[in-house]
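Reviewing the structure listed below.
Numbering (the UniProt record's numbering), first residue to last: 1 to 97.
Here you go:
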């Protein structure tokens, strides 16, 4: 995990909101958009109220930093929080900063 890149990713309100929504996906997204692999990109885009390209850009950045994992099933793409990476970030903040 590249710490500077993670903090840059977290400096955007919309990307923080995505992580908050994905913390409890069953509460924040319709059942048909969720599965054990995460939340469908289309559902995240709808909730954000942005274009598909903007949603994809935000999700890709969070994935590149390791905060999200992605699973593709056929034509569908699902995103899920990477809880291990988030715990590691919390540990970094508590112990090193």
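Don't be surprised by glycine CBs; every beta carbon is placed ideally from N, CA and C. The structure displayed is predicted, hence computed values, not measured ones.
query	result
Are at least three pairs of beta-carbons, each pair with one atom in the stretch 85–95 and one in the stretch 48–56, less than 8 Å apart?	no
By the 10 Å Cβ neighbour count, where 16 or more other Cβ atoms means buried, how is residue 20 classified, buried or exposed?	exposed
Please state whether DSSP places residue 74 in a helix, a strand or coil.	coil
Would you mind sorting residue 43 into buried or exposed? The rule is 16 or more other CB atoms within 10 Å of its CB.	buried
To which residues of the same chain is residue 23 closer than 8 Å at the C-beta, ignoring the five residues directly before and after it?	81
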